[in-house]
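S.K.: First, the structure itself, so that you have it in front of you.
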């Protein structure tokens, strides 16, 4: 039986570390990676390190697929059988995937109340919204309180990604406003960000070397945050742990955030960002969230 009257559900692009998923009893619906004739459930049948290894070795390029409405419906029914009374679902951006639409459709197939929220983000910009909702639930919040907590983070969260190449974002069709880079695909290290008002990927700049790319990532990310307030930051990487650890050490030394996480980006997102990508995802607490 569930210990909460409200189920909190997200999808595997949230990239929330497993210890937080377990701690806050978050239900995660997998997206899928399709490789030739094989279909893998993200982070279930295909773990990140094995995925990145194959991505660099396999000449065939994988694709991705979001869960169907039936897939979400099965999850909703499973949590309802555990005794929950209400469901809150927070998905990756509807501009990047059909998961939000599928989750919404599934919600109409039940009598129980289902609230589906579009994070307008992905990786830990989605993840931080889910964690904030989970913490609101821990404090006794109802469904409205969970949604308000997620929305408050969405208003302030920033997500910047330094790509080792634009190749994967281009192949995966999630290029959005970063399409302006196409004319100079070769020998650049693109910097992109997610606009959390539109939910789209946008271009933020380009450099010629990885070192400069990571320094630019760092600078541009912290320009978006109020560094005088408590910050929650995640350093995500496409199987580039040493770069991620160096950046996390610098963040800890210079800013001492309230919360700092390091983790590997999951396979579904890795299909679009490729190996070597580094993302900074985070937000500064607002006055409202500190009350």
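Residue numbers (this note's numbering): 9 to 299.
Think of the CB as a built atom: it goes at the ideal place given N, C-alpha and C, for glycine as much as any other residue.
Only a predicted model underlies this, so the values are computations on that prediction, with no experimental measurement involved.
1) Return the CA-CA distance between residue 94 and residue 170, expressed in angstroms with no decimal places.
2) For residue 141, which option in 284, 225 and 97 has the closest C-alpha, if you only look at C-alpha atoms?
3) Using DSSP with H/G/I as helix, E/B as strand and the rest coil, what is residue 185?
4) For residue 48, which beta-bridge partners are listed by DSSP?
5) Which one of 67, 199, 53 and 234 has the shortest CA to CA distance from residue 217?
6) For residue 40 and residue 176, which I take to be in contact (beta-carbon distance under 8 Å), what is that distance rounded to the nearest angstrom?
7) What three-state label does DSSP hand residue 224 in the structure shown?
8) What residue does the alpha helix (DSSP H) around residue 157 start on, and which one ends it?
9) With DSSP as the reference, identify every bridge partner of residue 66, one or two as the case may be.
10) Could you tell me the alpha carbon to alpha carbon distance between residue 75 and residue 108, rounded to whole angstroms?
11) Measuring straight from C-alpha to C-alpha, what distance separates residue 53 and residue 15?
12) Within this structure, are the beta carbons of residue 37 and residue 80 separated by less than 8 Å?
13) What does the Cβ neighbour count give for residue 160, buried or exposed, with the cut at 16 atoms within 10 Å?
M.R.: Quick answer:
1) Position 86 of the chain shown, counted from the start, is the residue given in the question as residue 94. Position 162 of the chain shown, counted from the start, is the residue given in the question as residue 170. Cα to Cα, residue 94 sits roughly 38 Å from residue 170.
2) Residue numbering aside, residue 141 sits at position 133 when the chain shown is read from its first letter. Nearest C-alpha to residue 141 among 284, 225 and 97: 97.
3) If you number the chain shown from 1, residue 185 lands on position 177. Only weak support is given to the placement of residue 185: the predicted model assigns it a pLDDT of 47, under 50, and the value that follows is read from those uncertain coordinates. Three-state DSSP puts residue 185 in a helix.
4) The residue you call residue 48 lines up with position 40 of the chain shown. Paired residues: 41.
5) Sequence index remark: in the chain shown, residue 217 carries index 209 (1-based). Nearest of 67, 199, 53 and 234 to residue 217, Cα basis: 199.
6) As a first step, residue 40 is located in the chain shown; it is residue number 32 there, counting from the start. As a first step, residue 176 is located in the chain shown; it is residue number 168 there, counting from the start. No, residue 40 and residue 176 are not in contact; Cβ-Cβ is about 17 Å, not under 8 Å.
7) Residue numbering aside, residue 224 sits at position 216 when the chain shown is read from its first letter. In the structure shown, residue 224 sits in a helix (DSSP, three-state: H, G or I).
8) As a working note, residue 157 is residue 149 in the chain shown. Annotation for residue 157: the continuous alpha helix (DSSP H) segment containing it runs 151-164.
9) The residue labelled residue 66 in the question sits at position 58 within the chain shown. Answer is none; residue 66 lacks a bridge partner.
10) Here residue 75 refers to the residue found at position 67 of the chain shown. Here residue 108 refers to the residue found at position 100 of the chain shown. Roughly 10 Å between the two C-alpha positions.
11) For the purposes of this step, residue 53 is identified with residue 45 of the chain shown, where counting begins at 1. For the purposes of this step, residue 15 is identified with residue 7 of the chain shown, where counting begins at 1. Roughly 24 Å separates the two Cα atoms.
12) The sequence position of residue 37 within the chain shown is 29, counting from 1. The sequence position of residue 80 within the chain shown is 72, counting from 1. For residue 37 and residue 80, yes; Cβs fall inside 8 Å.
13) Against the chain shown, residue 160 aligns to sequence position 152. Burial is judged here by how many other beta carbons sit within 10 angstroms of a residue's own beta carbon; residue 160 has at least 16 and is buried.
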